[in-house]
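Written below as structure tokens is the structure these notes are about.
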Amino acid sequence: MKGERKQIEPIEAADIELTGLAIPEAESRAQSAAVPANADTRRTVIRYGLALALLGSLALIAVYFQSIGGRQETVIGENTKQPIADVPTSVAPASPYEQQQKAAARRAAQDVLARVVEKQRQLEASAVSEWAGTAFASAIERAESGDRLYRQARYEVAQKAYLQSEKELDAIGDSLAGTLEKMLKEALAAIESGDEPTARATLETVLRMQPAHAEAQQALERVAKLPQVMAVLTEAEDRLSKGAPEAAQALFSQALTLDSQSRRGQSGLAESRRILSERAFQSALDAGYQALEAGNFSAAVRKFNQALSEKPDSETTRQALVQAQNELNQSRERSWLEAAKEHEAAERWVEAVTAYDKVIASDSSVVAARTGRIRSQARADLDSQLQKLIGGAVRAHL
């Protein structure tokens, strides 16, 4: 039963006599008691076997319990080697001041984070990964490190991480305008060189950055006509290089009709006009000198004025014009003086005075014209008085 120990049966001594070495007597006794002795021996062996089995079982049970006790001692010994920290049964609550400070730090971190999220959204709306991907990823990684600190309730350190992220995002945002300007210049340069794929790709990126960018929209419309414009410009430049500015001018004008902002078209048209203007200037100047030499002073003045309209800053032409104008004035003055003298000879005093007035209006320093006018005016007045007297006398006799 449980709790009771089994009684071990005592082993009885064998019923065997210990004798000396008298063999004959022992042999005779052995023979006479052979049968009974064998039965007692078997009973004795059985008893010894049972006792030994029982003792073996007890030994095994003792070894088992001893091994368990040893393992327990080992585990306990190992555990006792490592100091176990005292675990407080309760944590003292933070003071109201500490709670307020922590709440304030949390709110401050949240405020900065809100700004970071808004700036992140704005930059993502401008396709920031296409023009500042590395810097943007760095700023976002900085904000994520702030998130990890925030989850650990390390609000002040988290706020610093958020502020650094905001600073990096601000720097990216500040560079947006400059980046747009740079990319737009690259696109316009690609248009001028006829690189349609580069121009189109760059402008599409600009419009993803700023969909309402008016210049980029206009430039993209130019790209649609670029192949046709480039074909006309190439032909115009070929004509110009072969000395046909009139044809080149027409072609450049045609290109500008397709794309009024084409710098190649504008510069080509200006060059064509410059060449034609130079030709017109030289032609008019040559004609003016020819007329001057021929004494056709009015034609010379007209040609020199035409030359100055082509090249207003030509001092040589201006001097030639002054010379031609002086020659023309002197020629007219001589002609008027001659006419005045003819009128005087014919006693057409009023006509003579008119001719002298023209000379004086042209050059008041001509003495002959001044004296001639005085003389002719006096005769004209006298003639007028005589005519009045004669007219009065005639009326008196009637």
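In our numbering, each number is its position in the sequence shown, counted from 1, plus 10.
Note that CB positions come from ideal geometry on N, CA and C, so glycine has one too.
Keep in mind it's a predicted model, so treat the numbers as computed, not measured.
- Cα atoms of Glu-108 and Ser-139: separation of roughly 42 Å, rounded to the nearest angstrom.
- Contact annotation: Ala-309 and Ala-301 have beta-carbon atoms nearer than 7 Å.
- Secondary structure note for Trp-359: its alpha helix (DSSP H) is the uninterrupted segment 359–372.
- Remark: C-beta atoms of Tyr-172 and Gly-156 approach each other more closely than 7 Å.
- Closest in C-alpha terms to Ser-203, from the list Lys-368, Arg-232, Val-122, comes Arg-232.
- Contact between the stretch 187–196 and the stretch 159–173 is absent: fewer than 3 CB-CB pairs across the two stretches fall below 8 Å.
- The three-state reading of DSSP puts Lys-235 in coil, since its state is none of H, G, I, E or B.
- Annotation: Glu-140 is outside any alpha helix (DSSP H) and is labelled neither H nor E by DSSP.
- Between Phe-262 and Leu-279, the gap from beta carbon to beta carbon is short of 7 Å.
- Burial is judged here by how many other beta carbons sit within 10 angstroms of a residue's own beta carbon; Gln-259 has at least 16 and is buried.
- Counting every other CB atom within 10 Å of its CB across the protein chains shown gives Ala-113 a total below 16, marking it as exposed.
- Excluding its 5 nearest sequence neighbours in each direction, Ala-297 has C-beta neighbours in its own chain below 7 Å: Lys-313, listed in chain order.
- Around Met-240, the same chain offers Gly-204 as residues with beta carbons nearer than 7 Å, after the five sequence neighbours per side are excluded.
- Taking the Cβ atoms as the reference, Ile-285 lies roughly 4 Å from Pro-255, within the contact range of under 8 Å.
- With a 10 Å radius around the Cβ and a threshold of 16 neighbouring Cβ atoms, Gly-143 comes out exposed.
- Straight-line spacing of the CA atoms in Gln-111 and Tyr-160 works out to 15 Å.
- The beta carbon of Lys-368 sits closer than 6 Å to those of Trp-346, all from its chain and outside the five residues before and after it, given in chain order.
- With a beta-carbon spacing of about 5 Å, Ala-119 and Ala-168 fall inside the 8 Å limit used to define contacts.
- In chain order, Phe-307 place their CB closer than 7 Å to the CB of Ser-341, counting only its own chain and leaving out the 5 sequence neighbours on each side.
- Looking from the CA of Glu-354, the closest CA among Ser-251, Ala-371, Thr-327, Ala-379 belongs to Ala-379.
- For the 7 Å CB-CB criterion, Ala-365 and Ala-388 do not form a contact.
- Between Ala-104 and Glu-166, the gap from beta carbon to beta carbon reaches 7 Å or more.
- Inter-residue distance for Ala-371 and Asn-339 is about 11 Å (C-alpha atoms, whole angstroms).
- Only exposed fits Val-377, as fewer than 16 other CB atoms lie within 10 angstroms of its CB.
- Apart from sequence neighbours up to five positions away, the residues of its chain that approach Arg-249 with a beta-carbon distance below 7 Å are Ala-257, Ala-258, Leu-261, ordered along the chain.
- Residues Ala-200 of the same chain have their beta carbon placed closer than 6 Å to that of Thr-208, with the five preceding and five following residues left out of the count.
- Between Val-126 and Glu-245, the alpha-carbon positions lie close to 55 Å from each other.
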